[in-house]
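Chemist: Below you will find the structure I want to go over with you.
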Amino acid sequence: MSKLHLDKKIGIIGGGQLGKMMILEAKRMGFYIIILDPDPLCSAHSIADEHIIADFKDRIAIINLAKRCDVLTYELEHINVNALFEVENMGIAVYPTPKSLEIIQNKYKQNKELEKNNVSVPKFMSISSKEDVIKAADTFGLPLMAKSSLGGYDGRGNFLIATIEQSEEVFKILSGEVFVEEYIDFTIEISVLACRGSNGKVKVYPVAQNTHKNEILQETLVPANISDDIKDKAREIAAKTMEIFEGIGMFCIEMFVKKDGNVLVNEIAPRPHNSGHFSIEACITSQFANHIRAISGLPLGDVSLIKAACMHNILGEHGENGKAIIKNAEKALEISGVSLHIYGKKEVREKRKMGHITAIADTVENAQKAAKKAHKLIKIVAEN
Ligand SMILES: Nc1ncnc2c1ncn2[C@@H]1O[C@H](COP(=O)(O)OP(=O)(O)O)[C@@H](O)[C@H]1O
Ligand SMILES: [Mg+2]
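See below:
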């Protein structure tokens, strides 16, 4: 009997833009979706079949959600992993598995696990005092990138230690467990999406090239402007990571490419990722479609690139705070190859991810030109 049946219920913890884009694919395949998110008007609210309004750490709410679903997934890693273990012990599938999430949601443990399995990561050490920072600076040199082990995203949770005078300040800015990494003077940043089905088969997407501004993703280009050798190396690292974590579902592996051609893993996301949005228009099967296929036991789709792509995030403009309005969408959409995604967040805030643009074209240069042109036009600002 086929596993695909119309009343199969998928629970998603998190109703932000990633949850919304998962739902758009899941609904195409006929699934029933229940989300859990504390915000009654979160991005995915208007398209979910049901919405449980609760905190991501709310154990009881997570268990109640799971009891009503055939499979549980999540769109963010900062959730109550102990509740997910309980759900798994109740016999309800959770993908990616709580075992992999427990390691990945802690950046220090993640680095340790990768190192143990011979995957290169920046040199790192745990710090809990000024003396530790001085020791790290002696060993790795300055600057150092300090990171909170738990809870970081979009650069929040990172602190660049540029001078030794900052060796105390770091503990005022970052809370909880903290570690430092050597600062990598990378030539480019890349990311690789990889998806593992329940039968253990892995699909690895084409390598994406990322530019960050203030540690927030600004632009993704595919194919990446690196040699085939480096691409192969990066895709092998992604496939190996899927084996290490036995991940079921979509993962994204962020990496640094160094001048000497070495590739280091920066961090892993056990979920669809911002740098993988290009796959919606540019690949035969998007990261969201393959995630839904993987967690529901279906075969994975072809991940080949149909066209070159450029993705730009649309963030809340500088100083904007209030009810969101979109300006010049019409003009942007007149540009050939441009698609616009608006997440439906009611409130704009400076640097908040409000939507994205993907342009596809025959060459990555043309895709970039179109995305840049569209991005210059479109603005998300607060209503006066
Ligand atoms: N060790 C490092 N050396 C140099 N730059 C780094 C290092 N770690 C992080 N960064 C920069 O900061 C960005 C955000 O850091 P990351 O660890 O990926 O945190 P987040 O969870 O916020 O995405 C990276 O994409 C990269 O540009
Ligand atoms: Mg990152």
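Counting from 153, one number per residue, gives the positions in the sequence shown under my numbering. All C-beta atoms, glycine included, are put in the ideal place defined by N, C-alpha and C.
Output the distance between the C-alpha atoms of residue 405 and residue 354, rounded to the nearest integer angstrom.
Modeler: Numbered from 1 along the sequence shown, position 253 holds the residue referred to as residue 405. Numbered from 1 along the sequence shown, position 202 holds the residue referred to as residue 354. If I take the Cα positions, the gap works out to 14 Å.
Chemist: Assuming residue 260 contacts residue 331 (C-beta within less than 8 Å), just tell me the rounded distance between them.
Modeler: Taking the first residue of the sequence shown as position 1, residue 260 is located at position 108. Taking the first residue of the sequence shown as position 1, residue 331 is located at position 179. Going by Cβ atoms, the distance from residue 260 to residue 331 rounds to 5 Å, so yes, they are a contact pair.
Chemist: Let me know if residue 162 comes out buried or exposed under the rule of 16 or more other beta-carbons within 10 Å of its beta-carbon.
Modeler: For the purposes of this step, residue 162 is identified with residue 10 of the sequence shown, where counting begins at 1. Its Cβ being crowded by 16 or more others within 10 Å, residue 162 is buried.
Chemist: Closest to residue 357 by C-alpha separation, out of 454, 381 and 269, would be which residue?
Modeler: As a first step, residue 357 is located in the sequence shown; it is residue number 205 there, counting from the start. Considering only alpha carbons, the answer is 454.
Chemist: Could you please give the first and the last residue of the uninterrupted beta strand (DSSP E) stretch that includes residue 200?
Modeler: The residue you call residue 200 lines up with position 48 of the sequence shown. Neither: residue 200 is in no beta strand (DSSP E) and is coded neither H nor E.
Chemist: Helix, strand or coil for residue 305, going by three-state DSSP, please let me know.
Modeler: For the purposes of this step, residue 305 is taken as the residue at position 153 of the sequence shown. Residue 305: strand per DSSP, three-state reduction.
Chemist: In terms of alpha-carbon separation, which member of 465, 380, 426 and 401 lies closest to residue 441?
Modeler: Position 289 of the sequence shown holds residue 441. Comparing Cα-Cα distances from residue 441 to each of 465, 380, 426 and 401, the minimum goes to 401.
Chemist: Check whether the segment 456 to 465 touches the segment 505 to 512, taking contact to mean three or more Cβ pairs, one atom from each stretch, closer than 8 Å.
Modeler: In short, these stretches touch, since the Cβ pair count reaches three.
Chemist: By the 10 Å Cβ neighbour count, where 16 or more other Cβ atoms means buried, how is residue 154 classified, buried or exposed?
Modeler: For the purposes of this step, residue 154 is taken as the residue at position 2 of the sequence shown. Residue confidence is low: residue 154 scores 48 on pLDDT, short of 50, so the model does not pin down where it sits. No coordinate-derived value is stated.
Chemist: Which same chain residues, not among the five before or five after residue 525, have their C-beta less than 7 Å away from its C-beta?
Modeler: As a first step, residue 525 is located in the sequence shown; it is residue number 373 there, counting from the start. Excluding sequence neighbours, residue 525 sits near 487.
Chemist: Could you give the distance in angstroms between the alpha-carbon of residue 394 and the alpha-carbon of residue 403?
Modeler: Indexing the sequence shown from 1 puts residue 394 at position 242. Indexing the sequence shown from 1 puts residue 403 at position 251. Their backbone Cα atoms lie some 8 Å apart in a straight line.
Chemist: Buried or exposed: where does residue 308 fall if 16 or more other Cβ atoms within 10 Å of its Cβ makes it buried?
Modeler: Locating residue 308 in the sequence shown gives position 156, where the first residue counts as 1. The residue is exposed, with fewer than 16 neighbouring Cβ atoms inside 10 Å.
Chemist: Under the three-state reduction of DSSP, which class applies to residue 154: helix, strand or coil?
Modeler: Here residue 154 refers to the residue found at position 2 when the sequence shown is read from its first residue. Annotation note: pLDDT 48 at residue 154 (below 50); position unreliable, no value reported.
Chemist: Which residues end up in the neighbourhood of ligand 2 when you take C-beta atoms closer than 6 Å to any of its heavy atoms?
Modeler: Going along the chain, the residues that qualify are 406 and 419.
Chemist: Report the rounded CA-to-CA distance for residue 435 versus residue 514, giving the unit in angstroms.
Modeler: Numbered from 1 along the sequence shown, position 283 holds the residue referred to as residue 435. Numbered from 1 along the sequence shown, position 362 holds the residue referred to as residue 514. Each residue's Cα considered, the two are about 13 Å apart.
Chemist: In whole angstroms, what is the alpha-carbon distance linking residue 322 and residue 443?
Modeler: One-based indexing of the sequence shown puts residue 322 at position 170. One-based indexing of the sequence shown puts residue 443 at position 291. Their backbone Cα atoms lie some 37 Å apart in a straight line.
Chemist: If you run the structure through DSSP and keep just helix, strand and coil, what is residue 468?
Modeler: Sequence index remark: in the sequence shown, residue 468 carries index 316 (1-based). Coil at residue 468, not helix or strand.
Chemist: Residue 277: beta carbon under 7 Å from a heavy atom of ligand 1?
Modeler: Reading the sequence shown from its first residue, position 125 is the one you call residue 277. No, since every heavy atom of ligand 1 falls outside the 7 Å radius drawn around the Cβ of residue 277.
Chemist: Do residue 438 and residue 177 have their beta-carbon atoms positioned less than 8 Å apart in this structure?
Modeler: Within the sequence shown, numbered from 1, the residue matching residue 177 stands at position 25. Within the sequence shown, numbered from 1, the residue matching residue 438 stands at position 286. Against a cut-off of 8 Å, the Cβ pair of residue 438 and residue 177 comes out as a contact.
Chemist: To the nearest angstrom, how far is it from the Cα of residue 291 to the Cα of residue 451?
Modeler: Here residue 291 is taken as the residue at index 139 of the sequence shown, counted from 1. Here residue 451 is taken as the residue at index 299 of the sequence shown, counted from 1. Going by the C-alpha atoms only, they are around 47 Å apart.
Chemist: What is the rounded straight-line gap between the Cα of residue 196 and the Cα of residue 289?
Modeler: To locate residue 196, count along the sequence shown from 1; it is residue 44. To locate residue 289, count along the sequence shown from 1; it is residue 137. If I take the Cα positions, the gap works out to 44 Å.
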